[in-house]
Amino acid sequence: MDKQIEKVIDGDIRPQIQGDGGDIEFISFDKKTGTVRVRLHGACQGCPMSHVTLFQGVEKLLKEKIPEVKGVEVIE
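The opening residue of the sequence shown carries number 2 in this note's numbering; numbering runs sequentially from there.
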């Protein structure tokens, strides 16, 4: 499952975030809860819009591509 999540992050999500001067790092996937844990870097850290990006972009795309994903959590 981790490789599948990393593939979506690397191929679909990271390029968009890097285009805004940030980056995203996959930390882990909790199979019990369906939660993906990520860390935001660069311009995304502390950005007031990072919450919107996370839930309307990252979480939505991961859920669409990987049905086992139920949510995304940011690790500081």
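C-beta atoms are modelled at their ideal positions from N, C-alpha and C, and glycine is treated no differently.
By the DSSP assignment, the beta strand (DSSP E) with residue i in it spans what residues?
i: E74; result: 72 to 75
i: I14; result: Where I14 is concerned, there is no enclosing beta strand (DSSP E), given that its DSSP letter is neither H nor E.
How many whole angstroms separate the CB atoms of residue i and residue j, which I take to be in contact at a CB cut-off of 8 Å?
i: R38; j: I25; result: No, R38 and I25 are not in contact; Cβ-Cβ is about 11 Å, not under 8 Å.
i: I14; j: F30; result: Contact doesn't hold; Cβ gap of about 15 Å is too wide.
i: G43; j: E60; result: Actually they do not touch by this definition, with Cβ atoms about 19 Å apart.
i: V9; j: K64; result: Contact doesn't hold; Cβ gap of about 10 Å is too wide.
Output the boundary residues of the alpha helix (DSSP H) element that contains residue i.
i: E65; result: 61 to 66
Any idea if residue i is buried or exposed, counting beta-carbon neighbours within 10 angstroms, 16 or more meaning buried?
i: I76; result: exposed
Quickly, what does DSSP pair residue i with across the bridge? List them, please.
i: I25; result: L41
i: D3; result: Per DSSP, none; premise fails for D3.
i: T36; result: D31, G72
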